[in-house]
Each structure stands twice: as structure tokens, then as C-alpha cells.
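Below: one structure, written as C-alpha cells.
Numbering (the numbering used here), first residue to last: 10 to 968.
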């Protein structure tokens, strides 16, 4: 790195520039000398920066090939400077590999192809002698980064992560360097990882059906093809085509840099010019946007979905893109059909129990949009044609303008609240900035379009309704069935063995010479970040200030949940489906809507929550409406029938999802009969439930102690008084006996196996009990060991199972820790990965060896320690989240931010501590292994070597 001196100067400017207070929605747009567009959004509300590089290139630019997607994967492999100990020597082998891939793409003979692939594998082994796996992610972590990721869409590719502000020089240096000369090293293994990603999608029972819908809707348009590419094209990759793709699209004039968060706009500009200004300017591609063919008349396309019992249809029209002038009006028209308060024309069909469900929808990509509606008739005998007629009746009401100005104004208010809350959070705002930039719009144009909702008239809604809801559409009709999966077999490759997993490139060593201003992570201060008031002796208010807008959120949580009363989940569903003794469900929603307020109810394992969101000026009337529901809910038999019908569908769906099954297996192993899937109310029990009984149960909650979390502009005393005046909190006087789940003890190695014939992948999980960790020192060691073993790019699981062997798309581990109230409880450790069926034994073998003979990598432990600090700092909550976070912590017995002990202990932890914890608490403990997979594709005798096999059925893990 020749310009360390310049970067040192810029570092000092950025670190010590005075932070300026700015409008959180203000975006400064500038252009560097090479044509790179930069959007800067300065926001000091959280101690972090969200940084993203956006490339206007997606799967539409390489239809069905998957190049945009697997190129995104390769951008994590480094450059001619990052990720290599000697690029010039490595390049000889990489060039040979590229030539072999060209030959492979031209070879049809299967024997010849296998020979070429083996030769590629041999060359890859030699090239790996010079590669440093994961150096780029490791450097991002070293310099304050967390959440490193990327995503390829149909329209663009984004590379992003969050980082601590003091590392902004290192972040800009690294993320610009990666775009100058990326190197396609370790390609053979990464392509196999892409196959695993494709397998994961294929095992999602809805994904194949969705792809059929997309194909039928878009026809010959590039959007019709899956982002990941076809299996056939993935079998024939050309590195030369990837290089061409990079040269064409990854040029400064076709890219944008998004920074949102805690930095100073004025002082950062020279740094951006010095770093991102190095990228080749190039010429932005001149795209010819293909138009979708017009729909002519009504076409019906049958789509197989593997869910019995349910009938369903979607009626899809051509629609506008997000940047179109019609979009705000059509969004409002859609809200007149369905909205969050469930007051729309289609909502009313559900509220009146004429249908099981009906919704309106609008979606858009950058070059095409869709508008439509979907519906599910009542089961089992509801008529598709009758329900479709009812839905068309709702559409025609829109087209006639059969709605009041009052309703329109209320929906405008709701739209305003949604738009404001969507942009108040750094992460969500940055995601929106990425999307808007990719569309070729300015931020000011986006804000102006959002604001234009206020000026929309009834005539605008009628006009767009008639323009888009026409007689030309595609009707997607669900029929029971499933689509065959293409066959993918594991390659006969020798896994990569890296000599340099603990090495550093010369680039990394030079980057290390830059000074870093040491700043302690920001932790939540229970006394300063929230104001705490006892509304009554048993009701506590936690209030946080909203400095962004005049929108409040309020959550009232009773300290009793599903763990002690499983019916509470059904109570929550029922409560949102009924009205009061004076207001029907429809009228209750309309009353809230006029205030710009929304209501929801939910139940967790340890709490029951009522949630309101609206405008501070309407807090008290919103609370009074909530009070009406709390005191005088009205039972509705038909609402109960709808809930039963929804549970019937949920029951049928459960065993279609390998993820659902794996989750339920884990909970059974970890918590026994306290598993959520076993302790919840069964369908048989729900059928027997009566509405009045559920309401009696709900009313009984008002006697229990509760926490209230508020964020808004009103003072805590004012909010407390409004609560006392409006809600029945005076009844709360009972302390709740806490129920908790304790991880089960493991006494012998057992294999729990669930046979799922439709699965292309096996999901492998492990569970082992770990001794209690009552002291802060023990907790820190366990958490650090858990991260070293299974969290992030630097973990053993990621490096050994994904990076070096490509056995899985994801592989991770987690510590199960008790709350502060029960520090002496046992702990546990879990891992999870998914892999192609024919790699199951290989992946399990590696996983088992890592547990039994854990590699010691000194360099990793420092990276893991830094990653832990980064995660704590970058996870500091927004003003909207902080009151609820403190309330939850207090419920669990914490008197301060629970991360405090980790921050104190981390500097003292060494590799010796990690090794000694592993030896004392992990290596000799028996493990349970859980596998969900296709038995016909698995060598069960090999599996039995890891323990006694116990076959699991649905009834064992789900009721």
C-alpha cells in the first residue's frame, strides 16, 4: 500500500472532525472524479455506520446463467493483494484453472468432463498453496465490521456491512480495493457452495411454485429466470465470462456508494476520493429495457402447491414500477382493499367470514411491476368462483369510487406513518437508499413521491384503479401437487487444504500500520437511555425519547406467556379478529385508522403483548380504544371458526418444511415436552375452545404485573398519566410465578433421524449439554469458545465445512445461556448445517472431528474477540427499540446491559482459556445428532457409527 501516509492524514481528519447535527433524512449526493455516485446520510443516533456498494447489475443482465450471483460470491475471495501470499505465482495456477473451465464448457462427453474436473481439482490444490482463505472477511471484522454480506437481485448487486465509526478509513480502503482487481480463487469449491444454496431453495416447498408463477408472468423477459441460474448453466461456468461481466458492469459510472450513520459528511469526502476514486471509471452500460408482452383477456395458469385441503387463486395484472407517477395512487388504492387495520374492501370479506382470507398486492422490480389480488375460500367447501366474484365486487367499488373522503384521508395518515417509521432506522433507511439508487432515482425524488400521497384525490384513485385493474390478467390457480427436482450429485473432488489459514498478506500487514482511535463500545445505560416510572406498584413504564418524528410506539407486556399458559397464542389471534360490545371488528379498525393508529397482539414463551403505534397527538384516544377492547371484547363464533381453519392449514404445512421439522426436533431434544411444538395447543384442543373462555383468560391477565415500553416525543410522566387515565392498569397487583425452560442433560450419543423423502438436502444439528457457567469469567469463556467454534466467517465451522470443503451453504453454532436470574442453570451448545444428501456423512465426519480434535488457531481468537466487540457496538438499539430492550432485560433480572461482563472479560481471555474450556466442558461430553433427510439417499449404516439411531415421527415432535 503506497499511500499509507495520505491515509494517515485523512484518518486524523475523519476521527477528530466535529460531528454535525443533521436531519436524519437528508442525503448528500455527490460524484467522485471517476463518476462513482456517492450518497451520504449522516445520523448520530447510533454508534455505527452502514456501508454499501451497489452495482447496477443483476440476474437480468445474464439471464439463467447465474453469473451475477456467483460473481457476488467470488467478491469475498480477495484481490491480487488481499487473500494471497504470492499472487504472481498463484496466478500461473489460476490461469491454468480458467483455461480448463473454458474447455469444460465446450465438452459434452461425461467421461471427458469428469477428467477435466479432476484436473481442475488438482490445479486448485496447487493454487490453494498461495491462497489465504477468508482474509477479506477477517479484515472487515478486525476493523470494526459486523453483518458482512451481499445480495444479488434481478436488478442489482449490493455488498454491505455495518462498522464502528472509528474504522471508516480502513473500511473505505478495503471496500474500494476489493473492486479494483478481484481474483477468482477457490472457485471450484465456491461453485459447489452455490449448488448448496440452490438445493436449499429447492427444499423450500413454496419456492418451485413461486418460480413457476414468475416464469408464467414474465414470459420471455429476463426476470423469468431464477437469480441463482439453471443447473445446466451452473455445470458449465466460464471464468472468462465472469471477467467480462466484471469489466462491463463493475465500473465506477455504474456503481454507487451508500453510507448511512455516525460520520461527518464534509470531512469524509477527501477520503472517498482517495479510495473509491481509484476504481476504473468505465462507461455505464446502455441497456435496452425489454417490455413485457401485453396481457390479452383472462388466462388461467394452474400452479402445483404441495398443500392439501386449501383452494387459492391469485389474479395478476400488469402494474407500474416504483418510480412511476401512478405508484402512490395505486398504493393507496391497494390500501383501500387491504391494510394493516384490516378495514379494506377485501378485508371486510374476511371480517364477515365470507372468505378464509383475501388480500391485494402490488410489487415491482426496476423494469416491471405487478398489481393484483389473491384469495382463499373457506375450507373445505368454499367456492373459488363465488369468492372471486366477491373480490371483483371489491375491485369494482374502487373503480366506481365507492369510498368516502374520510376513509381516504385516514389511509393517507396511515401511509404517512408507515413511510416515516420505515425511514427512522439507520438499517432500513440504508436499505431503501440502495433500492432507490438502483432504480436511477435521486433521494429527493423518492421523498417527493412519498410526500405526494398527501395531495392525492379520489379521482386519482379511480383513475389508476380503472387503468390497472382491467379485463386483461393472469389467474394463477393452485392445484395440489409438486414439481420434480433436477438431480445434482456431489463431485468427486479432494477438499482444499490450505497452508495459509493463519497467514496474512503484505497488504494486511500494511493496513495494520494505520492508527486506530480506541473507543469503547456503546452500551445501554438503564438510567440515562430510558426513563423509568412506576405507573402503579405492579406496572412499570420504560420511556425513550423519539427525536426523529411525532410517532409513538407502545407495548404493554404481561409477564405471563405460552410456557405457563399455551392458550395465550390463540387468545392473541382471537383478540385481533374480534371487536367490542359497541364496535364490530371492522368498525374498531376504522376507529383506529382515523387516528393513524395500528393495533396488534402477540404471545411469546414468557409474555403476552398488546402493541399500539400511532401519532403522539392521538396517544390518549388510541389508549381509550385499546381500553374498550381490553374491558369489553365481544365474542364471535365465526372468528373462532376462522382460527380453527387457519390452524388446519398450518397443521398440513408443518411437515412440508424441513426447516420446521429440524426446529421441532431441536426443541424436543433441548427442552423435552417444554418444546414450543409440543406445549402449544393442538388442533384438537383449539377445536374445543370457546370464544368466551378465551376472553375470560385474556381478562385475567389484567391482574398481573406488566411492563410498558414507550418511544415517542411525550415526556414519561405525561405518558404515565395517560396510561393511568385510559387503561385498566389499576387491577394489576399479582406477581407472576416465572416459568422457564432448562436445557436437557445428554447422557449418551444418540442419532435422531426424521425421514423426509422430498428433501434434497439433509439438515444436521448437534446438541450437547454444558456445565453451568455462573461466574462472568465462565460465561465469557463459553461465549468466546462458542464464537470461535461456530460464529462468523472466522469460525471453525465456516472455514472447515463451507470454505475449504463446500459441504454446506451455512454452518454455525450457538450457546444456550440462562438469564441473570438463573445463572446457575445448565447451559448447552448447538450447531446446525444443511448439505446435499450425498455429502451428509462427509459433512458429519468433519463436524465430529472438529468437536473431538478442535484445531487451535491463535489468529482466529483475536478476530473472534474483535467480532464480539463489533457486534455489541453495532447492535446498540435505535430509539424505537431501546425501551423494549431495557424492559426485557429487567424482566430477565439484569440491572445493567448484559454485554457489560463480556466487554470487561474479553481482553483477559486467551487461546489457552478457550482450549481449557474446550477440554473441561466440551470434548468429553456426549452429543446428540439430529438429521432430517431422505433415507433412500443416505448410508444409514455409516450414520449409525455416530450413535444409536432413533427414528422420529411427526407425533414425537409436533402436536
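Where a beta carbon is used, it is the ideal one built from N, C-alpha and C, also for glycine.
All values reported here derive from a predicted model rather than from experimental measurement.
Requested in this report: Run the CB neighbour count on residue 331, radius 10 Å, all protein chains shown included, and call it buried at 16 or more, exposed below.
Outcome: Its Cβ being crowded by 16 or more others within 10 Å, residue 331 is buried.
Requested in this report: Have a look at residue 14 and residue 935 and give me their C-alpha separation to the nearest angstrom.
Outcome: Note on residue 14: pLDDT 43, under 50, position unreliable in the model; the coordinate value appears next. Distance between the alpha carbons of residue 14 and residue 935: 54 Å.
Query raised in the report: How long is the line joining the alpha carbons of residue 32 and residue 879, rounded to whole angstroms?
Result: Using only the alpha carbons, I get a separation of about 26 Å.
Requested in this report: Output the boundary residues of the beta strand (DSSP E) element that contains residue 63.
Outcome: Membership of residue 63 in the beta strand (DSSP E) is indicated by the continuous run 58 to 64.
Query raised in the report: Hey, out of 167, 205, 550 and 105, whose CA is closest to residue 811's CA?
Result: Per the Cα distances, 205.
**Report entry** Given residue 652 as reference, the closest of 561, 700 and 347 once Cα atoms are compared
**Finding:** Put simply, of 561, 700 and 347 the residue whose alpha carbon is nearest the alpha carbon of residue 652 is 700.
Query raised in the report: Counting along the chain, where does the beta strand (DSSP E) carrying residue 716 start and finish?
Result: Here the beta strand (DSSP E) through residue 716 covers 715 to 721.
Query - residue 30 burial status per 10 Å Cβ neighbour count (16 or more: buried) - result: Low per-residue confidence applies at residue 30: pLDDT is 33, beneath 50, and the placement is therefore not dependable, though the value from the model is reported in the following sentence. With fewer than 16 other Cβ atoms inside 10 Å of its own Cβ, residue 30 counts as exposed.
Query - residue 66 versus residue 236 - alpha carbon distance - result: In this structure, the CA atom of residue 66 is about 12 Å from the CA atom of residue 236.
Query raised in the report: According to DSSP, is residue 966 helix, strand or coil?
Result: For residue 966, the secondary structure class from DSSP, reduced to helix, strand or coil, is helix.
Query raised in the report: Looking only at its own chain, which residues have a Cβ that is under 6 Å from the Cβ of residue 291, when we skip the five neighbours before and after it?
Result: Spatial neighbours of residue 291 in its own chain (CB-CB distance under 6 Å, excluding positions within 5 residues in sequence) are listed in chain order as 260 and 262.
**Report entry** For residue 773, the first and last residue of its enclosing beta strand (DSSP E)
**Finding:** Per DSSP, residue 773 belongs to the beta strand (DSSP E) from 770 to 779.
Query raised in the report: With distances taken between CB atoms, is the gap from residue 751 to residue 834 smaller than 7 Å?
Result: It is a contact, given that the beta carbons lie within the stated cut-off.
Requested in this report: Please confirm whether residue 78 and residue 161 have their CB atoms less than 7 Å apart.
Outcome: Here residue 78 is near residue 161, since their CB atoms are less than 7 Å apart.
Requested in this report: Keeping to the same chain, check which residues put their C-beta closer than 7 Å to that of residue 676; ignore five residues upstream and five downstream.
Outcome: These residues qualify, in order along the chain: 684, 685 and 686.
Query raised in the report: Is residue 769 buried or exposed, if buried means 16 or more other CB atoms sit within 10 Å of its CB?
Result: So residue 769 counts as buried.
Query raised in the report: Cα separation between residue 612 and residue 468?
Result: Distance between the alpha carbons of residue 612 and residue 468: 42 Å.
Report task. Go to residue 565, then tell me how far its beta strand (DSSP E) extends in each direction, as first and last residue. Result -> Bounds of the beta strand (DSSP E) holding residue 565 are 560 to 567.
Query raised in the report: Taking all protein chains shown into account, do 16 or more other C-beta atoms lie within 10 angstroms of the C-beta of residue 390, making it buried, or fewer, making it exposed?
Result: Result: exposed.
Query raised in the report: Do you know offhand how far residue 195's Cα is from residue 501's?
Result: The C-alpha of residue 501 is placed about 16 Å away from the C-alpha of residue 195.
Requested in this report: Could you pull out every residue in the same chain whose Cβ sits closer than 6 Å to the Cβ of residue 547, ignoring the five residues on either side in sequence?
Outcome: 714, 741 and 742, listed in sequence order.
Query raised in the report: Quick one: Cα of residue 902 to Cα of residue 825, how far?
Result: Computed Cα separation, rounded: 17 Å.
Requested in this report: Could you tell me the boundaries of the beta strand (DSSP E) in which residue 414 lies?
Outcome: Counting along the chain, residue 414 falls outside any beta strand (DSSP E), though it belongs to the alpha helix (DSSP H) covering 414 to 432.
Query - Inter-residue spacing [alpha-carbon to alpha-carbon] between residue 891 and residue 488 - result: Going by C-alpha positions, residue 891 is about 46 Å away from residue 488.
Query raised in the report: Considering only C-alpha positions, which residue in the set 875, 384, 408 and 405 is nearest to residue 397?
Result: Ranking the options by Cα distance to residue 397, first place goes to 384.
Query raised in the report: Helix, strand or coil: which one does DSSP assign to residue 802?
Result: Residue 802 falls in the coil class under three-state DSSP.
Query - Residue nearest to residue 490 in terms of C-alpha spacing, selected from 512, 405, 665 and 182 - result: Nearest neighbour of residue 490 by Cα position, chosen from 512, 405, 665 and 182, turns out to be 665.
Query raised in the report: Less than 7 Å separating the beta-carbons of residue 355 and residue 387?
Result: One thing to note: residue 355 has its Cβ no nearer than 7 Å to the Cβ of residue 387.
Query raised in the report: Could you give the distance in angstroms between the alpha-carbon of residue 246 and the alpha-carbon of residue 962?
Result: Rounded to whole angstroms, residue 246 and residue 962 show a C-alpha spacing of 41 Å.
Query raised in the report: How should residue 191 be labelled, buried or exposed, when 16 other C-beta atoms within 10 angstroms of its C-beta is the threshold for buried?
Result: Under the 10 Å beta carbon count, residue 191 is surrounded by 16 or more other beta carbons and is classified as buried.
Query - Same chain, Cβ closer than 6 Å to residue 38, five either side skipped, listed in chain order - result: Non-local C-beta neighbours of residue 38 in its own chain, meaning closer than 6 Å and more than five positions away in sequence, comprise 48, ordered along the chain.
Requested in this report: May I ask you to verify whether the segment 577 to 593 touches the segment 525 to 541, counting CB pairs closer than 8 Å and requiring at least 3?
Outcome: These segments do not touch.
Query raised in the report: Is the CB-CB distance between residue 334 and residue 407 below 7 Å?
Result: For the 7 Å CB-CB criterion, residue 334 and residue 407 do not form a contact.
Query raised in the report: Is the segment 717 to 727 in contact with the segment 601 to 610, if contact means three or more CB pairs nearer than 8 Å?
Result: They do not touch, by the three-pair rule.
Query raised in the report: Considering residue 941, what are the terminal residues of the beta strand (DSSP E) in which it resides?
Result: Segment 937 to 942, the beta strand (DSSP E) holding residue 941.
Query - Classification of residue 189 by the beta-carbon crowding that lies within 10 angstroms, buried from 16 upward - result: In the assembly as shown, residue 189 is an exposed residue. Its beta-carbon has fewer than 16 other beta-carbons within 10 Å.
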